[in-house]
Every structure is written in structure tokens, then in C-alpha cells.
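In what follows, a single structure is set out as C-alpha cells and then discussed.
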Amino acid sequence: MFPLKDAEMGAFTFFASALPHDVCGSNGLPLTPNSIKILGRFQILKTITHPRLCQYVDISRGKHEVFIAFLCGCCVGHKKVLHKLRHLIERLVVVAEHCERSLEDLLRERKPMSYSKVLCIAFEVLQGLQYMNKHGIVHRALSPHNILLDRKGHVKLAKFGLYHMTAHGDDVDFPIGYPSYLAPEVIAQGIVKSTDHMPSEKPLPSGPKSDVWSLGIILFELSVGRKLFQSLDISERLKFLLTLGGALKHREGGRLTRRRDGFTGAQCWVFVWCKHVRFLFEDGESFGQGRDRSSLLDDTTVTLSLCQLRNRLKDVGGEAFYPLLEDDQSNLPHSNSNNELSAAATLPLIIRERDTEYQLNRIILFDRLLKAYPYKKNQIWKEARVDIPPLMRGLTWAALLGVEGAIHAKYDAIDKDTPIPTDRQIEVDIPRCHQYDELLSSPEGHAKFRRVLKAWVVSHPDLVYWQGLDSLCAPFLYLNFNNEALAYACMSAFIPKYLYNFFLKDNSHVIQEYLTVFSQMIAFHDPELSNHLNEIGFIPDLYAIPWFLTMFTHVFPLHKIFHLWDTLLLGNSSFPFCIGVAILQQLRDRLLANGFNECILLFSDLPEIDIERCVRESINLFCWTPKSATYRQHAQPPKPTSDSSGVRSSTPFFSTECPDPPKTDLSRESIPLNDLKSEVSPRISAEDLIDLCELTVTGHFKTPMKKTKSSKPKLLVVDIRNSEDFIRGHISGSINIPFSAAFTADGELTQGPFTSVLQSFKGKVIVIVGQVAKHTAEFAAHLVKMKYPRICILDGGINKIKPTGLLTVPSPQI
136 MFPLKDAEMG
146 AFTFFASALP
156 HDVCGSNGLP
166 LTPNSIKILG
176 RFQILKTITH
186 PRLCQYVDIS
196 RGKHEVFIAF
206 LCGCCVGHKK
216 VLHKLRHLIE
226 RLVVVAEHCE
236 RSLEDLLRER
246 KPMSYSKVLC
256 IAFEVLQGLQ
266 YMNKHGIVHR
276 ALSPHNILLD
286 RKGHVKLAKF
296 GLYHMTAHGD
306 DVDFPIGYPS
316 YLAPEVIAQG
326 IVKSTDHMPS
336 EKPLPSGPKS
346 DVWSLGIILF
356 ELSVGRKLFQ
366 SLDISERLKF
376 LLTLGGALKH
386 REGGRLTRRR
396 DGFTGAQCWV
406 FVWCKHVRFL
416 FEDGESFGQG
426 RDRSSLLDDT
436 TVTLSLCQLR
446 NRLKDVGGEA
456 FYPLLEDDQS
466 NLPHSNSNNE
476 LSAAATLPLI
486 IRERDTEYQL
496 NRIILFDRLL
506 KAYPYKKNQI
516 WKEARVDIPP
526 LMRGLTWAAL
536 LGVEGAIHAK
546 YDAIDKDTPI
556 PTDRQIEVDI
566 PRCHQYDELL
576 SSPEGHAKFR
586 RVLKAWVVSH
596 PDLVYWQGLD
606 SLCAPFLYLN
616 FNNEALAYAC
626 MSAFIPKYLY
636 NFFLKDNSHV
646 IQEYLTVFSQ
656 MIAFHDPELS
666 NHLNEIGFIP
676 DLYAIPWFLT
686 MFTHVFPLHK
696 IFHLWDTLLL
706 GNSSFPFCIG
716 VAILQQLRDR
726 LLANGFNECI
736 LLFSDLPEID
746 IERCVRESIN
756 LFCWTPKSAT
766 YRQHAQPPKP
776 TSDSSGVRSS
786 TPFFSTECPD
796 PPKTDLSRES
806 IPLNDLKSEV
816 SPRISAEDLI
826 DLCELTVTGH
836 FKTPMKKTKS
846 SKPKLLVVDI
856 RNSEDFIRGH
866 ISGSINIPFS
876 AAFTADGELT
886 QGPFTSVLQS
896 FKGKVIVIVG
906 QVAKHTAEFA
916 AHLVKMKYPR
926 ICILDGGINK
936 IKPTGLLTVP
946 SPQI
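Under this note's numbering, the first residue of the sequence shown is numbered 136, with each subsequent residue one higher.
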């Protein structure tokens with residue numbers, strides 16, 4: 136996008152054609168409103184930037200659609216009222232770069248323009264037209280008042296995308312173009328809609344030659360200093376333009392002559408004109424049969440004042456536009472604005488996203504960091520921990536996912552046209568995927584959906600298309616609507632990280648392991664809720680598969696997914712477990728108060744979830760979870776710590792991936808799925824235990840050590856072996872509660888010397904260590920039944936610790 140500089144912003148509005156409310160398409164679904172179609176086609180216009188074109192900024196569809204739709208339902212049978220209400224829905228407002236002066240102002244002076252000036256204008260207009268034609272765009276509405284002049288007198292073409300966004304005029308009830316400047320072949324064709332014809336008879340859209348004709352008329356008017364056809368009424372103008380063909384001599388004129396002769400009769404033309412009123416004169420006057428003028432084009436462009444915005448930003452310091460990207464800025468002086476930004480960063484996210492000054496600083500910072508990607512990858516991760524500005528979210532997500540390389544070449548090389556068996560299912564799923572969103576519900580959005588999904592299926596022959604993949608694609612497509620290659624690359628990087636092997640043809644073992652680990656996470660963080668759900672038989676298989684298969688995109692609207700995934704992408708593949716538990720905890724009271732049937736009904740229409748609270752609680756849950764507690768043998772294998780460019784790969788913010796497969800004898804080992812399902816509490820590795828206990832490993836065993844200033848223990852180790860084995864060697868700081876005498880017949884803890892210690896650690900991580908895996912699992916299950924949170928089991932038992940030399944023997948009492 137080019138800088139705005141001295142230009143202004145302008146807005147113009149028009150109505151799309153209203154469709155019948157009781158007609159459905161070939162797929163049985165309601166017809167897509169024409170305003171939605173226009174909105175989808177408009178998006179590509181935002182990417183067309185050239186010094187000779189007025190940059191398109193945004194488009195907005197009529198507000199209060201829901202209320203108007205409700206009124207439409209109440210007014211069934213009142214055709215006139217329904218027509219007016221539907222027009223309110225179909226209103227579109229387009230915002231674009233604007234200049235106050237145009238060639239229309241020069242023509243009002245009624246002075247012939249010099250040859251050199253006309254030549255200069257012609258050259259600059261042709262520059263703009265050439266760039267448009269290169270992108271497949273035809274202006275068709277070229278006229279003096281749409282050729283604007285900036286403060287230096289250079290040309291800028293306005294409304295160059297109107298013909299494209301309205302599907303060559305099919306989606307509006309007014310003509311695209313002005314009678315005095317339309318080419319004869321355009322007028323001869325008449326204003327017809329492609330929907331009125333069979334596919335073989337559809338009229339051809341106008342090409343670049345029609346713009347050349349319009350430009351020629353405009354240049355002639357500039358040369359003579361007055362407008363053509365001023366003394367002629369509309370019918371005489373049209374007749375004159377149609378008969379201009381007689382002044383041209385063509386060798387192959389047979390067919391064209393017959394067609395021309397058919398229109399030379401004034402009576403015939405007037406009859407056709409009255410039947411098909413589609414032209415609009417410059418002053419807004421319509422000709423032909425009467426019609427509702429609200430459907431016609433209001434050619435007024437309203438200048439949008441930027442004074443308020445400029446006044447608000449005039450006090451922003453110059454350093455905000457050139458932020459320093461060094462990691463260590465502790466010795467640099469800080470301005471007052473920096474302190475204000477630091478205070479703003481503590482405000483709720485929804486307020487930060489509406490704060491103009493804050494967003495300005497964040498956008499500029501992210502823009503510079505992303506331009507330095509991948510060399511500033513670590514700093515992008517650091518800043519993303521604070522928040523991600525909505526305008527930079529698409530590119531930031533791509534950086535967090537590590538997208539690099541020639542993504543466009545790779546995407547273009549994929550065959551997205553050859554029919555495949557999955558096509559039918561994709562066609563069925565797309566019209567049901569986030570269709571409340573105007574962009575994704577547009578035909579352009581559907582076409583992009585189809586290409587991206589098909590590209591993924593074709594490029595991953597070992598995987599298959601599962602329902603839900605379309606929902607997974609939606610956030611990436613929305614954020615990169617004009618960059619399908621980047622949407623595909625992000626999706627291709629996201630799935631292996633968070634949904635590794637979820638899309639195998641037989642994914643039952645992957646799904647079952649995932650749900651079992653999730654069930655253990657519920658027991659780990661909220662044993663009371665876990666006990667209740669297990670008692671009523673409300674297992675994760677009944678509600679959580681859509682959550683994880685689509686990473687919550689099937690259950691939350693896009694605006695919530697954006698904030699949720701801003702945090703999700705900073706964590707590893709186990710972070711979704713914590714999001715799932717956080718959702719359940721928001722529904723905790725209702726779940727605990729209801730039985731199986733009520734819970735089924737509750738999840739069939741999920742209540743409103745506070746997504747900001749969900750993010751906060753999921754981070755807290757993640758920080759309490761030992762990294763190996765969420766180990767899955769079907770997770771993605773670890774990647775190398777550095778890439779080919781020499782840039783060190785960023786590790787997830789909340790945790791590092793647990794080793795997979797096991798790297799040392801202290802790592803977690805895979806166990807059969809049936810054994811995993813039989814255990815209520817998760818296992819943790821000896822590495823995690825040593826790390827959390829802050830023990831020093833001797834010999835050849837190495838494990839990452841965490842230093843902490845706190846002297847308080849992070850966890851309690853409960854050794855359930857008999858007293859004799861405990862005395863021979865145990866983990867320093869552990870307590871001994873033998874399994875054989877730990878619980879009474881009623882399932883209560885037997886009172887003993889260490890019972891009070893166990894109770895004092897309720898709420899902290901408690902690791903059960905034993906020699907027999909079955910006893911360890913049963914002891915942990917008893918504690919969960921007693922509502923002890925954060926209970927886990929040492930994988931491999933005490934035998935994993937013996938070779939490390941960390942077992943201690945109590946000093947003999949003298």
C-alpha cells in the first residue's frame with residue numbers, strides 16, 4: 136500500500152440487487168445475497184496498488200442485518216415494505232483514497248487544454264489502465280469526474296474496481312459506466328444480466344478496448360474545452376453513438392452491419408430502452424420506465440475527514456515510528472509515551488485493540504520485526520506474548536508457525552483442478568463453515584476454501600480429509616484472504632504441530648490416546664469434576680472430539696478463535712489440553728449440578744464462554760502441569776534445534792516439548808493404550824521429578840535444571856513402598872505411606888505420622904512413587920477420589936531413580 140501523503144479518504148455507497156427471499160440455490164441453501172458476493176470480490180482490489188490508481192481501503196455491508204431480517208419476517212405479505220428493508224441490508228459503503236480535484240473541474244473552465252498537457256494526462260491514465268489490465272481489471276466507468284488529480288496535478292483513477300466487484304454489473308440494478316463515454320459495442324449489447332441467459336448465450340464482459348474508447352472521448356473533450364453531446368438528450372446521444380459505426384469502414388462488416396442496422400430505427404431503440412432501463416445520466420437522471428430510485432447509483436463521494444485522527448497522533452513521538460529492535464534496552468532512556476504504553480499493555484485485550492495510539496506503536500513494531508523475519512524470530516515470540524495487533528495477525532501467526540521458503544511456488548505447483556474423490560465432501564462442508572462471516576460466505580470465499588483444502592489433501596497423500604478440516608482452515612483463510620499460498624502454508628505447519636496424525640485414514644488410536652490424556656488432565660486439575668463426569672458416564676469421547684479435531688474452531692466464532700490461537704501458538708502441542716480443562720471449569724457449576732442427559736443438552740448448544748478468562752486460566756493450568764504429564768507416543772517427533780539458515784529455532788513460550796521418543800533412561804516410556812486408560816492420574820518422567828525436586832544428577836545422566844530463588848518445595852513425593860524398602864533408599868524429602876496400610880475399608884486415609892503432611896500439600900503437585908505400577912495407579916486413584924488435585928505417578932517407579940545415585944539413606948539414630 137502506498138503512503139496516503141496529501142490525499143484524503145473518500146467513501147461512496149450503492150445498493151446491490153435484492154434477491155427473492157423465498158428462493159434457494161441448487162444445493163438447497165438460500166441464495167447468497169449479492170452484497171456478500173460484492174464484498175468477496177472486493178478483497179482482491181485492496182492488493183492492487185499503483186501511483187495512478189486510488190487505493191481501495193475497505194468495504195462495509197449494511198449494519199443491523201439481524202434486526203432488518205427480523206422485520207422482514209414480520210412483514211411477510213407487504214411487498215413494498217419488504218423491498219425497502221432488503222435494500223437496507225444490501226447497502227454497501229466503499230472507502231478509498233480520494234482527491235478533491237478531477238478532470239471534471241478542468242472541463243468546467245471551458246478552456247482548451249494544451250497538447251502537452253493532454254498528452255501527459257493520456258500517458259498517466261494509460262499507465263493506470265495498463266496496470267489494471269495486467270491484473271484482469273477493466274474500468275468501464277471511466278469519465279472526467281473519475282479521473283482525479285492530486286495536489287501535484289498527477290492523475291489517479293477512481294472507482295476502477297466497480298465493474299469487477301459487481302460481476303460486470305450483474306449484482307446491481309444500475310449500469311456501470313456513463314452514456315456519453317460508453318463504447319458503441321457496449322451500448323449495442325444493451326444492459327443484460329448473465330443470469331437472464333443460458334451459459335452458451337451469456338454476454339461477453341467488456342474488455343480494455345472499451346476503456347480506450349472512453350479515454351479517447353475524454354481526451355477530445357479536454358482538447359476542445361467542452362463536453363460532447365451537451366445539446367442532445369439521452370436517446371439522441373445513444374442513437375448517435377450507435378450510428379458512429381457508419382463512419383468506420385471494415386472489410387469484414389457483414390455481421391456487424393446487420394446488427395447495426397437493427398438498431399438504427401429510433402422506434403426500435405426506444406422500445407428496447409423502455410424495456411431495459413439500466414442507464415444513468417451524469418446528473419443522476421434516469422430514463423425509461425419508472426423505478427425505485429434507491430437502487431440507482433449515488434455517484435457522490437463523501438470526503439472523510441482525517442483531522443481528528445491526525446490531531447490525536449500529532450503528539451506521538453518520532454521514536455514510535457522507528458522502534459529499536461535490540462534485545463537489551465535496559466540502559467536506554469525511556470520517554471513518557473513508553474510508560475503510557477506499558478500501562479496500556481496491562482489493560483484488557485479488547486480495550487487495547489481499540490486504543491489508537493497503542494495499536495499504532497504495536498503495528499509499527501511488528502511491521503519492522505516481521506520484515507526482519509526469520510532473524511528476529513525470537514523477538515517476535517517475545518512481543519506476541521504481550522499481544523498481537525489484529526492488522527498484523529496473519530503474518531505474525533505465520534512467523535510463530537515457522538513458515539518460510541518459496542511458499543507461492545510450492546502452492547502454485549499443486550494440482551488443484553483435477554477432480555478427486557474428496558471434492559464432493561468439500562463441496563458439502565464449505566457452505567456450512569463459519570457462514571455467519573460475510574467474507575467466508577461469499578462465492579469468492581468458497582472458491583478459495585475449495586482451492587486451499589484441495590491443495591492440502593493433494594499434497595498430503597498419506598492423510599485424508601476429515602470433516603472439520605474446513606473449520607481448521609477458516610482462521611488462516613480469513614486472515615490471508617488475498618494470499619492463499621500463505622493460508623495453505625500456515626495450515627500445513629499448524630496440523631503437524633498440534634494435530635499430528637489426526638487425519639490418518641484410521642486415526643482411532645491417535646484420538647483415543649489424546650482423549651485419555653485429556654481425561655487425566657481433568658483429574659489432575661479438577662478431581663471433583665472428574666469424579667462426577669466419570670460417575671455419570673459423561674466421557675470426553677461424547678463432547679471433546681470436535682474440540683480437538685478442529686482446535687476449537689468448530690465451537691467458537693472466529694473473533695474468539697483469534698484471541699485463543701494468539702496464545703495457543705505460543706505453547707506446545709499439549710496446550711490444547713489446558714484450554715479444554717479451562718472450558719470445563721467455566722461450566723463447572725452447571726456440570727456438577729446435572730446428570731448425563733442435561734450435560735448432553737448443555738454441550739449440544741455450548742453456553743457463552745469468556746475467552747479472555749479461558750486464556751488466563753489455561754496458561755495457569757499449563758504452568759502447573761509437568762511437561763511430561765501430557766506425553767503422547769503419537770505426538771509429532773521433535774525437530775532439530777536449529778534450521779538451515781543458522782537461526783536458532785524458537786521454543787514454545789510456556790514449555791518445551793517432552794522428549795519423544797525417549798532420549799535417556801530417565802525419559803517417559805510408551806505404554807499400551809489399555810494400560811494408559813486404566814490409570815486415572817498422569818505419569819511424569821524421572822527427568823521432571825529430578826527437575827522439580829532440584830536434585831543434582833551424578834554420572835552420565837543429564838537433565839535440564841531450573842534455578843529458583845524460592846526455598847519452598849514445588850512438590851511432595853509420596854513413597855508407597857513398605858517401610859523396609861523405604862529405609863534402604865528413598866528420594867530426599869519424600870514421605871513414606873505404605874500402600875498396604877494407606878486406606879481404610881471406607882476408602883479414607885489411615886491416620887499416620889505423615890497424613891497431616893500429605894494434607895498440607897493438598898493443591899500442590901504430589902508424585903506417587905512405588906515399585907509395583909498397579910499399586911501406584913490405585914493409590915493415585917484413591918487420592919483423586921478424595922478430591923486431591925495435581926496427583927501424578929512416577930513413570931517406571933523407584934527403579935528409574937536407583938541408577939542416578941539420588942536415593943538417600945536415613946542416618947542411624949544413636
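Ideal Cβ placement from N, Cα and C applies to all residues, glycine included. Owing to the predicted nature of the structure, the values given are computational and were not obtained by experimental measurement.
Beta-carbon separation (whole angstroms), A821 vs L929, contact threshold 8 Å:
As a working note, residue 821 is residue 686 in the sequence shown. As a working note, residue 929 is residue 794 in the sequence shown. At roughly 7 Å, the Cβ-Cβ gap stays under 8 Å, so A821 and L929 are in contact.
The alpha helix (DSSP H) enclosing F629, as first and last residue numbers
As a first step, residue 629 is located in the sequence shown; it is residue number 494 there, counting from the start. For F629, the enclosing alpha helix (DSSP H) starts and ends at E619 to Y633.
Start-to-end residues for the alpha helix (DSSP H) that takes in T531:
Taking the sequence shown and counting its residues from 1, the one referred to as residue 531 is at position 396. Counting along the chain, the alpha helix (DSSP H) containing T531 begins and ends at R528 to L535.
Rounded to whole angstroms, how far is the Cβ of L598 from the Cβ of L588, which I believe are closer than 8 Å?
Counting from 1 along the sequence shown, the entry for residue 598 is found at position 463. Counting from 1 along the sequence shown, the entry for residue 588 is found at position 453. Actually they do not touch by this definition, with Cβ atoms about 12 Å apart.
Within the stretch 905-938, note down every full alpha helix (DSSP H) run reaching 4 residues or more, in order along the chain.
Along the stretch 905-938, the alpha helix (DSSP H) occurs as fully enclosed runs of 4 or more residues at 908-920, listed in sequence order.
Can you give the Cα-Cα distance for P796 and S763, rounded to whole angstroms?
Locating residue 796 in the sequence shown gives position 661, where the first residue counts as 1. Locating residue 763 in the sequence shown gives position 628, where the first residue counts as 1. The predicted model places P796 with a pLDDT of 43, which falls under 50 and marks its position as unreliable; any figure quoted below should be read in that light. Whole-angstrom Cα-Cα distance: 12 Å.
Coarse secondary structure for M248, derived from DSSP in three states
In the sequence shown, residue 248 corresponds to position 113, counting from 1. Correct three-state label for M248: coil.
Could you check the C-alpha separation between K640 and R275 for me, to the nearest Å?
For the purposes of this step, residue 640 is taken as residue 505 along the sequence shown, with counting starting at 1. For the purposes of this step, residue 275 is taken as residue 140 along the sequence shown, with counting starting at 1. The C-alpha of K640 lies about 51 Å from the C-alpha of R275.
V902 bridges to which residues according to DSSP?
Position 767 of the sequence shown holds residue 902. DSSP, once it has assigned bridges, lists V852 and C927 as partnering V902.
Would F355 be called buried (16 or more neighbouring beta carbons within 10 Å of its own) or exposed?
By 1-based counting over the sequence shown, the position of residue 355 is 220. By the beta-carbon neighbour count (other beta carbons within 10 angstroms, threshold 16), F355 is exposed.
Under a Cβ-count criterion, where at least 16 other Cβ atoms within 10 Å of its own Cβ denotes burial, should D740 be classed as buried or exposed?
Looking up residue 740 in the sequence shown gives position 605. Exposed, because fewer than 16 other Cβ atoms sit within 10 Å of the Cβ of D740.
Within 10 Å of its beta-carbon, does E670 have 16 or more other beta-carbons around it, so buried, or fewer, so exposed?
Numbered from 1 along the sequence shown, position 535 holds the residue referred to as residue 670. Answer is exposed; the Cβ neighbour count stays below 16.
Could you check how far apart the C-beta atoms of L227 and F149 are, in whole angstroms? I think they sit under 8 Å.
Position 92 of the sequence shown, counted from the first residue, corresponds to residue 227. Position 14 of the sequence shown, counted from the first residue, corresponds to residue 149. The pair is a contact, with the Cβ atoms about 6 Å apart (cut-off 8 Å).
DSSP state of K291, grouped into three classes?
Position 156 of the sequence shown holds residue 291. K291 falls in the strand class under three-state DSSP.
Using the beta-carbon count (16 or more within 10 Å), is K287 buried or exposed?
Here the question's residue 287 lines up with position 152 in the sequence shown. Counting Cβ neighbours within 10 Å, K287 comes out exposed, since fewer than 16 surround it.
Check whether A455 and L484 have beta carbons under 8 Å apart
Position 320 of the sequence shown holds residue 455. Position 349 of the sequence shown holds residue 484. No, these two residues do not count as a Cβ contact at 8 Å.
I'd like to check one pair, L439 with A624: are the Cβ atoms closer than 8 Å?
Taking the sequence shown and counting its residues from 1, one reaches residue 624 at position 489. Taking the sequence shown and counting its residues from 1, one reaches residue 439 at position 304. No, the Cβ-Cβ distance between A624 and L439 is not below 8 Å.
Alpha carbon to alpha carbon, what distance is there between G160 and L166?
To locate residue 166, count along the sequence shown from 1; it is residue 31. To locate residue 160, count along the sequence shown from 1; it is residue 25. Roughly 5 Å separates the two Cα atoms.
3 or more residues per run - each beta strand (DSSP E) lying fully within the stretch 335-372:
If one requires a minimum length of 3 residues, no beta strand (DSSP E) run lies completely within the stretch 335-372.
Might you give, ordered along the chain, the residues of its own chain that have their beta carbon closer than 6 Å to the beta carbon of L238, omitting 5 neighbours on each side?
Within the sequence shown, residue 238 is the residue found at index 103, counting from 1. Taking C-beta separations shorter than 6 Å and ignoring five residues to either side along the sequence, the partners of L238 in its chain run P279 and I282, following chain order.
Flag A480 as yes when its Cβ comes closer than 7 Å to any non-hydrogen atom of the ligand ADP, and as no otherwise.
Among the components of this structure there are no ligands whatsoever, and the ligand ADP is therefore not found.
For E518 and L504, which I take to be in contact (beta-carbon distance under 8 Å), what is that distance rounded to the nearest angstrom?
On the sequence shown, residue 518 is found 383 positions in, with the first residue counted as 1. On the sequence shown, residue 504 is found 369 positions in, with the first residue counted as 1. Contact between E518 and L504 is confirmed by a C-beta separation of about 7 Å, below the 8 Å threshold.
Alpha carbon to alpha carbon, how far is M686 from L737?
The residue labelled residue 686 in the question sits at position 551 within the sequence shown. The residue labelled residue 737 in the question sits at position 602 within the sequence shown. Taking the straight line from one Cα to the other gives about 20 Å.
Assign M267 to one of three DSSP states: helix, strand, or coil.
Within the sequence shown, the letter at position 132 stands for residue 267. Correct three-state label for M267: helix.
For A590 and Y546, the rounded distance between their alpha carbons:
Counting from one through the sequence shown, the residue named residue 546 turns up at place 411. Counting from one through the sequence shown, the residue named residue 590 turns up at place 455. Between the alpha carbons of Y546 and A590 lies a distance of about 7 Å.
In this structure, what does DSSP give as the bridge partners for N871?
If you number the sequence shown from 1, residue 871 lands on position 736. Looking at the DSSP assignment, N871 forms a beta bridge with D854.
According to DSSP, what are the bridge partners of V229?
Here residue 229 corresponds to residue number 94 of the sequence shown, with the count starting at 1. According to DSSP, V229 bridges with F147 and I194.
Would you call L444 buried or exposed, if buried means 16 or more other Cβ atoms sit within 10 Å of its Cβ?
Residue 444 sits at position 309 when you count from the first residue of the sequence shown. L444 is exposed by the Cβ-count criterion.
Pull up the distance between the alpha-carbon of F406 and that of Y266, whole angstroms please.
Walking along the sequence shown from the start, residue 406 turns up at place 271. Walking along the sequence shown from the start, residue 266 turns up at place 131. Low local confidence applies: a pLDDT of 38 at F406 is under 50, so the model's placement there is unreliable, and no value is given.
Just checking my contact of R585 with I555 at CB under 8 Å: how many whole Å lie between their CB atoms?
Counting from 1 along the sequence shown, the entry for residue 585 is found at position 450. Counting from 1 along the sequence shown, the entry for residue 555 is found at position 420. That belief does not hold up - the Cβ atoms of R585 and I555 are roughly 11 Å apart, past 8 Å.
Cα-Cα separation, V158 to Y316:
Counted from its first residue, the sequence shown places residue 158 at position 23. Counted from its first residue, the sequence shown places residue 316 at position 181. V158 and Y316 have their C-alpha atoms some 37 Å from each other.
Which residues bound the alpha helix (DSSP H) around L811?
To locate residue 811, count along the sequence shown from 1; it is residue 676. It spans L808 to K812 - the alpha helix (DSSP H) in which L811 sits, taken as one unbroken run.
Report buried or exposed for C442, applying the criterion of at least 16 other Cβ atoms within 10 angstroms of its Cβ.
Here the question's residue 442 lines up with position 307 in the sequence shown. Counting every other CB atom within 10 Å of its CB across the protein chains shown gives C442 a total below 16, marking it as exposed.
Could you compute how far the alpha carbon of L241 sits from the alpha carbon of V538?
For the purposes of this step, residue 241 is taken as the residue at position 106 of the sequence shown. For the purposes of this step, residue 538 is taken as the residue at position 403 of the sequence shown. Looking at the backbone, the Cα of L241 and that of V538 are separated by about 51 Å.
Tell whether a beta-carbon distance below 8 Å holds between K922 and G882.
Residue numbering aside, residue 922 sits at position 787 when the sequence shown is read from its first letter. Residue numbering aside, residue 882 sits at position 747 when the sequence shown is read from its first letter. No, they are not a contact pair.
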